[in-house]
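A.B. asks: The structure under discussion is supplied below as structure tokens; questions concerning it will follow.
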Amino acid sequence: MLLMTSKWFYAVTAVTLSILARLSSAAIYNDYSDLPQGKEWDFVIAGGGTAALALANRLSENASYNVLVLEAGTTDVGIFNITVPFFCTRTIFAYDWNLTTTIQPGLEDRSIFFPRGFILGGSSSINGMFYTRGSADDFDRFAEVSGDEGWSWDNIQPYLALNEKFVPPADQHNITGQFNPDVHYFNGTTSVSLPSFPQSIDAKVLDAVDELGGVYSYNEDINSGSPLGVGWLPRTIDTQGRRSSSGSSYLAPVFAARENLDVLLNARVARVLPTSNNTNSTTGYSFRTVEFSQDITSNSTIQVTALKEVIISGGVVGSPQILLNSGIGNTTSLSAAGITPLVDLPGVGQNLSDQPFITNAFLANTTDTYDDINRNDTVSNEVLVEWFGEDGEPGDAHGTGPLGDTFANQISYYRVSEELIEEFGDFSSGPTSPHLEIYPGNGYFLQVLEPSTGTSCNAYLIFFFHLLMLPYSGYFLSMTTVVVSPASRGSITVNSSDPFTPPIIDPGYLTADFDVAAMKEAFNIAYTFLNASVWDGYILEPPAGLPSLSDFFTMDATELDGQLETYIRNQTGSSAHPVGTVAMSARNATYGAVDPDLKVKGVEGLRVVDASVFPFVTCSHTQVPVYVFAERAAEMIKATWA
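With mature numbering (1 follows the signal peptide of the UniProt record, and there is no 0) applied, the sequence shown covers -26 to -1, 1 to 616.
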């Protein structure tokens, strides 16, 4: 446990109180009765997550538009574990919907944790803060699938510029050669910076890159649109070593103080309702009323009607659930669940795609890792002092040291072999797009037991600080392997007319043979990287279930293949990058659920803006593409009502 002397306890309290200044200046409410009486809203946003707050910010730039945000969770303000980047995974469970999947046949019949942010700012308030855009191919593919060139790589650059505020790292070191300034933007809203605390493995990683070359070649900037290779990892962390989330950036005091922007917390959206007497044979239903509850244990609900549009932004789980609860979806399935079908839109809830993810902790021959931060009180206090500064006075926190960083300094991207592509096809967006992501971490990544079942569950990046799980001794190097262009698909469905019953989440992990084969290649890439001479003597033991470095390259191929498959199916979890359940498609397409303007097909007054509209997952973490979609959606909405 992290030990705090009274001095540092008061320092933490002081910083927490100083952060509360944002709340005091914002129109953020806990109870509907506290909202301005008689006020009407032009736009009602169902959700208060990553995309929702970006939308709220941009729409409320027009003082003539009143905007209401309905967030199911609590405020993100003043929560130390959210503000401090290193503590990012301490937010899991506390500020999460705590969802689990159905039994997954591809994961040896395991039901696993499915993380989603239950707090203002959504998953941007609890994620690992990786700033990765994906490939140019990804956005060009969005344009092709949707029939709208506005989604292409070249045309989304203005939206990247609106979002990204590239800043110096907290330690102010010279970052020349660690990024390409020509592909970044410096005047946006969300802070982005490079790692500020050097890990002891940094030099080894870069030396291995120099030694191996080829697919391991150095990439000066993985956000250039061509991410293949090994490069430094930007994160959404500000120059004071603090998380920069959708909440802290798009709802900063200067924006939250707008009189035309209101945010209501603890508001669980049940459904959207057709506006009375507003249907016709041309456009069908008009949905501009939102029904929500602030007490789901009672039968009481509240209804708010938007003058212009309702924008659903509940994420990959919440958005399809709201639509299905509203009678928008597959009519047969809706009837079976006891929901009256209103609009036949079979694509709602289908096409769920998530990136399979495994953390692999190797016992290392070193003592210079992060592992002692959470099992040694002296080390814990030292890093806390470093983050706050020597005096620990209010406002002195300057964010240096390991607490001002997240868990990886470099990241790498690879394509699978041509043999695999010939056998299964290419599920990436194009020739410069990776299928695999691998990143090293200077400490132990944990496997967590799912409390309800006792089965193994790879919880989202639970990183080296669960004391009950962290080994009491030993120091570790973690290599995380991810299939970023997966072939498997799943679904979000409902089986109850109660809108607050959790939906059925079936990601279909590893149901496509390609995903298993690709993950096997990820291990070959990772082991080859660790076999570079710079790592000689560094790796002592592999994770349980994996072969040693020497055995990996000498054992029988069939035996190795079987061992890897067993390990993969038993250890894979969610990368927390699910997309696709309200997928965008061309206007005349018979599949999908929203058009290129993100309007729900077949109805009026309703859009969806979040990762659920991605027709496929980008070869990246999904935070940046979500911001891009939100920025462009806001522009399209403004143009509609200009």
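For each residue, glycine too, the CB sits at the ideal point set by N, CA and C.
Note that this is a predicted model, so its numbers are computed, not measured.
For my contact list, Ala382 and Pro408 are in at a C-beta cut-off of 8 Å; report their separation, rounded to the angstrom.
C.D. replies: Their Cβ separation, rounded to whole angstroms, is 16 Å, which puts Ala382 and Pro408 out of contact at 8 Å.
A.B. asks: Tell me, please, which residues DSSP counts as bridged to Ala280.
C.D. replies: Partner(s): Trp15.
A.B. asks: Do you know how far the Cα of Pro330 is from the Cα of Pro460?
C.D. replies: Spanning the two alpha carbons is a distance of roughly 8 Å.
A.B. asks: Report the CB separation of Gly203 from Ser109 in whole angstroms; it is logged as a contact under 8 Å.
C.D. replies: The Cβ separation is near 12 Å, so there is no contact.
A.B. asks: If you check the beta carbons only, do Ala280 and Trp15 fall under 7 Å apart?
C.D. replies: Yes, the pair counts as a contact, with Cβ atoms nearer than the cut-off.
A.B. asks: Please return the same chain residues whose Cβ sits closer than 8 Å to the Cβ of Leu316, not counting the five positions on each side in sequence.
C.D. replies: For Leu316, where only same-chain residues beyond five positions count, the Cβ hits under 8 Å are Pro248, Tyr259, Ser300, Gly301, Ile302.
A.B. asks: Quick one: what does DSSP say Thr139 is sitting in, helix, strand or coil?
C.D. replies: The amino acid occupying residue 139 in the given sequence is Lys; Thr does not appear at that position. Strand at Lys139.
A.B. asks: Pick helix, strand or coil for Val587, following the three-state DSSP scheme.
C.D. replies: It is helical.
A.B. asks: Is Val556 helix, strand or coil by DSSP?
C.D. replies: Of the three classes helix, strand and coil, the one that applies to Val556 here is coil, per DSSP.
A.B. asks: With DSSP as the reference, please indicate the residues paired to Met453 in a beta bridge.
C.D. replies: Answer is Asn334, Pro414, bridged to Met453.
A.B. asks: Let me check understanding here. Comparing Cα to Cα, which of Gly312, Ala500, Ser462 lies closest to Met453?
C.D. replies: Per the Cα distances, Ala500.
A.B. asks: Pull up the CB-CB distance for Thr76 and Ile478, whole angstroms please, since I reckon it's below 8 Å.
C.D. replies: With a Cβ gap of about 6 Å, Thr76 and Ile478 count as contacting.
A.B. asks: How long is the line joining the alpha carbons of Glu393 and Asp400, rounded to whole angstroms?
C.D. replies: Their backbone Cα atoms lie some 11 Å apart in a straight line.
A.B. asks: Just to confirm, is the Cβ distance from Ser223 to Thr314 under 7 Å?
C.D. replies: Against a cut-off of 7 Å, the Cβ pair of Thr314 and Ser223 comes out as no contact.
A.B. asks: For Gly91, which beta-bridge partners are listed by DSSP?
C.D. replies: In the DSSP output, where bridge partners are listed per residue, Gly91 has Asp70.
A.B. asks: Scan the region 97 to 155 and note each continuous beta strand (DSSP E) run of 3 residues or more that stays entirely inside, going in chain order.
C.D. replies: Here the runs fully enclosed are 138 to 140.
A.B. asks: Taking Gly576 as the reference, which of Val41, Ala68, Asp8, Phe261 has the closest Cα?
C.D. replies: The residue with the shortest Cα to Cα distance from Gly576 is Phe261.
A.B. asks: Give me whichever residues DSSP pairs with Lys573 in a beta bridge.
C.D. replies: Arg581, per the DSSP bridge assignment.
A.B. asks: Taking the alpha carbon of residue 685 as the reference point, which residue from Gly102, Leu29, Ser126 has its own alpha carbon closest?
C.D. replies: One cannot answer for residue 685 here, as it falls past the ends of the chain, which runs -26 to 616.
A.B. asks: Which value, in whole angstroms, describes the spacing of the CA atoms of Gly373 and Ile347?
C.D. replies: Spanning the two alpha carbons is a distance of roughly 16 Å.
A.B. asks: Determine the contact status of Gly288 and Thr467, defining contact as a CB-CB distance below 7 Å.
C.D. replies: In this structure, Thr467 does not lie closer than 7 Å to Gly288 by Cβ.
A.B. asks: Along the chain, where does the beta strand (DSSP E) containing Val602 start, and where does it finish?
C.D. replies: Taken as a continuous stretch (DSSP letters only), Val602 belongs to no beta strand (DSSP E), being part of the alpha helix (DSSP H) at 597 to 614.
A.B. asks: Under the assumption that Val18 contacts Val278 (Cβ atoms under 8 Å), give the Cβ distance between them as a whole number of angstroms.
C.D. replies: Yes, they are in contact, since the Cβ atoms of Val18 and Val278 sit about 6 Å apart, within 8 Å.
A.B. asks: Determine the direct distance from the alpha carbon of Val583 to that of Pro476, and round the result to whole angstroms.
C.D. replies: Approximately 21 Å, taken between the alpha carbons.
A.B. asks: I'd like the span of the beta strand (DSSP E) that includes Asp480, first residue to last.
C.D. replies: Its beta strand (DSSP E) spans residues 478 to 480.
A.B. asks: What residue ranges within the region 502 to 568 form continuous beta strand (DSSP E) runs of no fewer than 3 residues, ordered along the chain?
C.D. replies: Runs of the beta strand (DSSP E) inside the region 502 to 568: 513 to 515.
A.B. asks: If you reduce the DSSP assignment to three classes, tell me which class Glu185 lands in.
C.D. replies: It is helical.
A.B. asks: CB-CB under 7 Å to Ser(-2), same chain, minus the five flanking residues each way: which ones, in chain order?
C.D. replies: With a pLDDT of only 45 at Ser(-2), under 50, the local geometry of the prediction cannot be trusted, and the value read off the model is given with reservation. Contacts found: Pro227, Ala230, Ala231.
A.B. asks: Touch check for the region 588 to 608 and the region 550 to 567: three-plus C-beta pairs under 8 Å?
C.D. replies: At 8 Å Cβ cutoff, the stretches touch.
A.B. asks: Among residues of its own chain, excluding the 5 on either side of Glu609, which ones have a beta-carbon nearer than 6 Å to its beta-carbon?
C.D. replies: Within the same chain, Glu609 has no close Cβ partners at all.
A.B. asks: Mind checking Phe527: buried by the 16 CB within 10 Å criterion, or exposed?
C.D. replies: By the 10 Å Cβ count, Phe527 comes out exposed.
A.B. asks: With a CB to CB cut of under 8 Å and the five nearest residues on each side skipped, what residues in its chain are close to Lys573?
C.D. replies: Within the same chain, Lys573 has close Cβ partners Leu580, Arg581.
A.B. asks: Taking the continuous alpha helix (DSSP H) assigned at Gln214, which residues delimit it?
C.D. replies: No alpha helix (DSSP H) holds Gln214; DSSP gives it neither H nor E.
A.B. asks: If you draw a straight line from the C-alpha of Arg32 to the C-alpha of Val141, how long is it?
C.D. replies: When rounded, the distance between both Cα atoms is 22 Å.
A.B. asks: What does the Cβ neighbour count give for Gly312, buried or exposed, with the cut at 16 atoms within 10 Å?
C.D. replies: Exposed.
A.B. asks: So Leu235 is in the alpha helix (DSSP H); what residue range does that whole segment cover?
C.D. replies: It is not in any alpha helix (DSSP H) - Leu235 instead sits in the beta strand (DSSP E) that spans 235 to 238.
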